[in-house]
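Before any comments, here is the structure.
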Amino acid sequence: MEKIIALTISVLTIRQLVLLNQKSKLEIKKLKLEIKNLKRRE
732 MEKIIALTIS VLTIRQLVLL NQKSKLEIKK LKLEIKNLKR RE
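Start counting at 1 in the sequence shown, then tack on 731, and there's your number in my numbering.
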């Protein structure tokens, strides 16, 4: 039983990390787009 609980917790943790990673990738994309737009304006 304890193994199952530990597994569940680790899977949830991994899922959260993956979600965070996707969010940060999106943020990086947004920043890159903003930088491109700023360069064009100059």
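From the three backbone atoms N, C-alpha and C, an ideal C-beta is built for every residue, glycine too.
Limits of the unbroken alpha helix (DSSP H) element including GLU765: Run containing GLU765: 733-772, per the alpha helix (DSSP H) assignment.
CA-to-CA distance, ILE740 to LEU750, given in whole angstroms: Roughly 15 Å between the two C-alpha positions.
Nearest-angstrom Cα separation, counted from LEU748 out to VAL742: Rounded to whole angstroms, VAL742 to LEU748 spans 10 Å at the Cα level.
Separation of LYS761 from LYS754, as counted between CA atoms: The alpha-carbon atoms of LYS754 and LYS761 are separated by roughly 11 Å.
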